[in-house]
Each structure stands twice: as structure tokens, then as C-alpha cells.
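Q:
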Amino acid sequence: MNIELSWDIFIVSLLILIVVYSFIIGVNKTIKTIIASYLGILCADGLGNILDQYFLASPKVVAGLKVFNLSGFTDSLINLKILIFLFVLVLITIKGPFQVNLEKFRFAILNAITHAWFTFLSSALVISTVLVYLGGSGLIEGVSSESNLAEIYTQSQNVRMMIDYYNFWFSLPVLSIILFSFFTTTQEE
199 MNIELSWDIF
209 IVSLLILIVV
219 YSFIIGVNKT
229 IKTIIASYLG
239 ILCADGLGNI
249 LDQYFLASPK
259 VVAGLKVFNL
269 SGFTDSLINL
279 KILIFLFVLV
289 LITIKGPFQV
299 NLEKFRFAIL
309 NAITHAWFTF
319 LSSALVISTV
329 LVYLGGSGLI
339 EGVSSESNLA
349 EIYTQSQNVR
359 MMIDYYNFWF
369 SLPVLSIILF
379 SFFTTTQEE
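Each number in my numbering corresponds to the 1-based position in the sequence shown with 198 added.
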């Protein structure tokens, strides 16, 4: 059996890994992971943009970095945004100061479908976010056609789908949570 490694296999494998993990942690932690993803995106974009505009735009900082042979600012900024995003995602998912408690449906099959749906959305949000950051941008400004991912983009249908529809992957989890809230009842404390 001869398997050729590709970006499509990598994306599908990563998707499966996140899906399996989400089924292990349960639907409430999966929703918490979605919320943590949004907070991680905001934090990574915000801090990355602050560093880019205020520190890396300064000629003195640039000169100081060149002394230490640190001239790959764009790559460093990309790596920093990804690290901040993943750090905030993991930290809030594990230690976040809030809990998510979804109401269960009367039928177990509806609970399983709901969990599968939010699991898929969580994995799509995380993967598309990392790909957008690898492209050298943030979710606010989007990915340009001349991004760092141009070669991978042309080789992989899955990468193309995740990047082309990143606005869809970004908004669909929130819309799903809102829609889900119409079908459940909550009790005020």
C-alpha cells in the first residue's frame, strides 16, 4: 500500500483528531472550546496588531532586531499569533472561569446530532483560523491571494475550502448556538 502524503490528508487527519477529542470532552466543553476559540482569535489579532503597529513599525526596534539577526518579522508575527490563539484556546477550555450547560433534548439521537454538529463547527473554526494565520493575516483583514499559503492553496482542495469560506466557519458556530437556544428552555436562577 503506497500512500502519498498531502495537505488534504493532513487537514482531514487534524479534523478527525479534533472531532475525536471533542467527543471525549463532551458537548458542554465543545461549546466552551468554541467560545475559547473566539476569545483566542480576538486576543491573537489584537496583540499581534499591537506588536506590528507599535513595536515592529519603530525603526529603533527594527534596528535592534537586526543586530540580533532577527529579520523575519512577518514569520515571527505569524508564529506569535498562532501561539497566542492556541494558548488562549487551551487555557480557557481547561481553566476558563465559566461553565456551559446545554439543555438536553428528550431524544438521545437529537443530543448526538447536536454534539456532532458543534464538534464539526469547533474543528472547522480552529483549523480555518490556523490556516488564515499561516497565510500571514488575521480574521479581520482576511487572506490575500498573495499569501504565504499560495502553493498549498493550489495543491489542496481542503485548504482552499477552509480559507475561501473562513467567514462562514467563523460565523456559523455563533449562528448555531443562537438557533439551538430557540429549541431549548432555560431556567433563570
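We put the beta carbon where it would ideally sit given N, CA and C, even for glycine.
Within 10 angstroms of its Cβ, does residue 291 collect 16 or more other Cβ (buried), or is it exposed?
A: The residue in question, residue 291, is buried, as its Cβ has 16 or more Cβ neighbours within 10 Å.
Q: Going by DSSP in three states, residue 264 sits in which element: helix, strand or coil?
A: It is helical.
Q: Within the same chain, show all residues whose beta-carbon is closer than 6 Å to that of residue 238, passing over the 5 residues directly before and after it, in chain order.
A: Excluding positions up to five away in sequence, the list reads 283, 286, 287.
Q: Identify every run of the alpha helix (DSSP H) within the segment 302–353, keeping only runs that are complete inside it and at least 4 residues long; order them along the chain.
A: As far as the segment 302–353 is concerned, its whole alpha helix (DSSP H) runs of at least 4 residues are 306–332, 348–353.
Q: How far does the alpha helix (DSSP H) with residue 250 in it reach, from first residue to last?
A: Residue 250 -> no alpha helix (DSSP H), and no H or E assigned at all.
Q: Output the boundary residues of the alpha helix (DSSP H) element that contains residue 210.
A: Element bounds for residue 210: 205–223.
Q: Going by beta-carbon coordinates alone, are residue 294 and residue 275 separated by less than 7 Å?
A: Not closer than 7 Å, so no.
Q: Out of 329, 349, 348, which one is the CA nearest neighbour of residue 365?
A: Considering only alpha carbons, the answer is 329.
Q: List the endpoints of the continuous alpha helix (DSSP H) containing residue 380.
A: Element bounds for residue 380: 364–380.
Q: DSSP state of residue 200, grouped into three classes?
A: In the structure shown, residue 200 sits in coil (DSSP, three-state: anything other than H, G, I, E or B).
Q: Near residue 297, what residues of its chain come up, given a Cβ to Cβ distance below 8 Å and the 5 sequence neighbours on each side ignored?
A: Counting only Cβ-Cβ distances below 8 Å, and skipping sequence neighbours, we find 226, 230.
Q: Mind checking residue 362: buried by the 16 CB within 10 Å criterion, or exposed?
A: The residue is exposed, with fewer than 16 neighbouring Cβ atoms inside 10 Å.
Q: Since residue 356 and residue 232 should fall inside the 8 Å C-beta cutoff, what is the C-beta to C-beta distance between them, to a whole number of angstroms?
A: Between residue 232 and residue 356 the Cβ distance is about 20 Å, and since that is not below 8 Å, they are no contact.
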